[in-house]
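Residue numbering for the sequence shown is 1 to 652, as defined by UniProt numbering.
To keep things clear, I will list the structure first and then write my remarks on it.
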Amino acid sequence: MTSFVQKVFTSLLAPNASSDALFNSASSSTPAASGAAQSADFSSIITLLFSFSALRDWSKLILIGGSFETCRRLVFGLYYKILASFWVNAYFEETDACYRWMMVWLSNQPSWKKARDVEISTSTYGAKNISMALDPQDSIGHQNKSYRTLSFLPSLSVTYHLWYKNCYMSITRTKEESGMGMFGRHKEHTLRISLLTRDREMLTRLLQDARENYMDAQESSMNVFAADGMSNRWKHVASRAKRSMSSIILDPGIKESLLRDARDFLDSKTWYTERGIPFRRGYLLWGVPGSGKSSLIHAIAGELGLDVFEISLSKLGLDDSSLNELINNLPERAIALMEDIDVAYTHALTRDSGSAADVTPNPMSMTVRNPVMPGGFPGAAQPGGSRITLSGLLNALDGVSAQEGRILFATTNKYSSLDAALCRPGRMDVHIEFKLASKYQAKELFLRFFNPGIDNTSTLISQADHDNDSVSDDSVINSGVDSGYSSSTHTLDGEDSGQQLLLTGGGAAVHTLKLLPKRLEALATKFSEEIPDREFSMAALQGYLMMYKMQPEEAVEQVGEWLEKERMEQDAKIESAQNDQGKPGIEMKKDELELVKKMERDIMQRVEKEVREKMMRERLEKDITERVEREMATKMDIWFNEGKQKPLETMS
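Take a look at the structure:
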């Protein structure tokens, strides 16, 4: 081994010596024998060096160790490559819909119910069937107390093993940093699933089963999404029960026409593409508060099976680019909802804040406007603390990069305060006005409210309240659902009213009303005759009827007194507002309002400044680190080259 190494070094150094000798002989008159002498000297040096036993041992160790390490890397690389060919790995991020599919599917697996290491959470990912309720020790004492159900989820950094269709699989949930947001770095959960199979179709079948399982769990509910406060991504915030279209009481033909137009739009993608029309549809619902605008959107989303994505234009940190990114991230078949678009800014959303657009739409009618190609409109800077400009909003709705296939619903209480460019066809194609309740609506509301033919398990959802995530416990109690414990039942028969009240659970838990159809029709007609046309909202009428949930007779008898009381309160408010005009207090309130606006602007500017400074510091630190690494690498290269050339110069 030693002789072999000596020969290698001698062969490497001998040509250099001979070349030096030839060069010296060509440049001077030195004899050729001097070159041979130098080669002999180098050979003797190499022989001398290898005469030391330690150097020979180190040479053997380096050659043998290098050979073993090379073989080890080749063997393990081939092993991991062969092993990876038998596994299919999939990663699911928390912000993606597939993550919710897999979490619901996993919670429904029989083997998962035997897991010994779980995370307890009140989040159900929109599927109520994966949760469980803790049975209270005293059901009578706890029946009226609110509580949240619990669900078992995979623990962080724990690997679970189970079988899927005779295929071994492992599941791991981790939390990792996903990048910089407006308020710094934020972390998101990631789900990793590994299948021991060479067939990738097994993963496709797993995803199909998970999606079907999730859709079955969502059959009676709809999902609501909102923009994440840490990043420009959509986050699941609530799951609401679907609302029947029959529970929406409008003048005849309004809701039917709107539902038919929306369904026709979703089925007309080819038609839009062939004619070069952007595949987008916008609906503007405007009118008095409490007239059922949000309830109608809720019912349409449930009827069409679409998810609702709420866009708050007054959200902190939202600017033109963020709004454009959010709208571009919308799925193709979804509803984008912008509620109260007239109050999203400090002032009206118009080009000229000093004058309102003079638009007079048709009353309580749906004006369908033919879709046209989008066009650009210049925007105006928004006063106050708003960071969204009109031009940014218009470009997000129908710009070149605007998402297609979505349905936009916008609501407003002040139609005239909106800019004409925002209301034009192509952005808001269908305009519907919601007025105060008519006599027809009052009668239909009464029939719906006291109709004994409605399923006892269904609940009447308020048209004015659209902020609840799900049906409340009180509505379930009043709907006729069994309370879970047995008790006596008391029956009270009215002599002439034709109604029967069943009080269960001591008269506090369940109420069931039985009213003859003819008697109900007569009471509804009388109620509608008492209600003045277009004076009170549907929310106000429903609020009145809620005081007489089980007393239709009393509701009709007391409606006159309630009307007088409401009129007196409205007159008092008007008189108070008129008396307050011109008082110094009003000017003081205006000054205070301007001061609050100024403080909001200052706070927003400070936040933006801090965020920019933080990003600049991180960028500067990164640049300094990269510069130092480059300088160190350059110095190392120079040092290595100098160290490599010095022995050669010494030998020459």
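Using N, Cα and C, we set each Cβ at its ideal position, and we do this for glycine too.
Quantities reported herein were computed from a predicted structural model and do not represent experimental measurements.
What three-state label does DSSP hand residue i in the structure shown?
i	result
R173	strand
F640	helix
I120	strand
F536	coil
H490	Here H490 scores only 35 on pLDDT, less than 50, and its place in the model should not be relied on; the value that follows carries that caveat. In the structure shown, H490 sits in a strand (DSSP, three-state: E or B).
K282	Per the sequence presented here, residue 282 reads as Gly, with Lys not at that position. Correct three-state label for G282: strand.
K235	strand
residue 654	Not covered by the structure: residue 654. The range shown for the chain is 1 to 652.
K635	helix
V359	Any reading at V359 must be qualified, since the residue scores a pLDDT of 41, below 50, and its modelled position is unreliable; the value itself is stated next. If DSSP states are grouped into helix, strand and coil, V359 belongs with coil.
T197	coil
K187	strand
L316	coil
R240	strand
H142	Confidence at H142 is low in this model, with a pLDDT of 49, below 50, so the placement of that residue should be treated as unreliable; the coordinate-derived value is given next. Of the three classes helix, strand and coil, the one that applies to H142 here is helix, per DSSP.
T273	helix
V596	helix
L418	coil
V343	coil
V400	coil
N395	helix
R424	coil
K549	coil
T389	coil
I249	coil
G302	helix
L83	helix
G560	helix
Give a yes or no on whether 8 Å exceeds the smallest Cβ distance from residue i to chain D.
i	result
D228	Included in the structure is just one protein chain, with no chain D present.
Across which residues does DSSP place residue i in a beta bridge pair?
i	result
R567	Per DSSP, none; premise fails for R567.
F152	I120
V308	V224, I335
F409	Y283, L337
E93	T190
L162	M169
W101	Paired residues: none, contrary to the question.
V88	L195
Is the beta carbon of residue i less than 8 Å from the beta carbon of residue j?
i	j	result
K187	E201	no
I335	F309	yes
N387	L318	Contrary to the premise, residue 387 reads as Arg rather than Asn in this sequence. In contact: R387 and L318 (Cβ atoms closer than 8 Å).
A90	I248	no
K435	V288	yes
L203	Q441	no
G302	K242	yes
F86	R198	yes
G253	A539	no
L207	C71	no
V559	E530	yes
L515	F449	no
L106	I171	yes
residue 656	M169	The structure shown does not extend to residue 656, since the chain is modelled only from 1 through 652, so no value can be given for it.
L408	L397	yes
L103	L153	Note on identity: in this sequence residue 103 is Met, with Leu being the wrong assignment. Yes; because the gap between Cβ atoms is below 8 Å, this pair is in contact.
M338	L316	no
E119	S157	no
I297	L259	no
S537	A437	yes
K526	V556	yes
Is residue i close to the ligand PLP? I mean its beta-carbon at under 7 Å from any heavy atom of the ligand.
i	result
T525	Among the components of this structure there are no ligands whatsoever, and the ligand PLP is therefore not found.
(request) Jot down the residue ranges of each uninterrupted beta strand (DSSP E) in the segment 427-453, minimum 3 residues, whole runs only, in chain order. (result) 430-434
(request) Taking 8 Å as the threshold, find out whether the segment 264-281 comes into contact with the segment 414-421 through three or more Cβ pairs. (result) no
(message) Within 8 Å, do at least three Cβ pairs link the segment 324-332 to the segment 226-236?
(response) yes
(request) Would you check if there are 3 or more beta carbon pairs closer than 8 Å linking the segment 107-118 to the segment 156-169? (result) Yes: the two stretches touch, three or more of their Cβ pairs being nearer than 8 Å.
(message) With three or more C-beta pairs closer than 8 Å as the rule, is the segment 297-312 touching the segment 204-224?
(response) With a cut-off of 8 Å, the segment 297-312 and the segment 204-224 count as touching, because enough Cβ pairs lie within range.
(request) Could you say if the segment 70-81 and the segment 115-125 meet the contact criterion of at least three C-beta pairs nearer than 8 Å? (result) no
(message) If we require 4 or more residues per run, which alpha helix (DSSP H) segments fall completely within the segment 45-74?
(response) none
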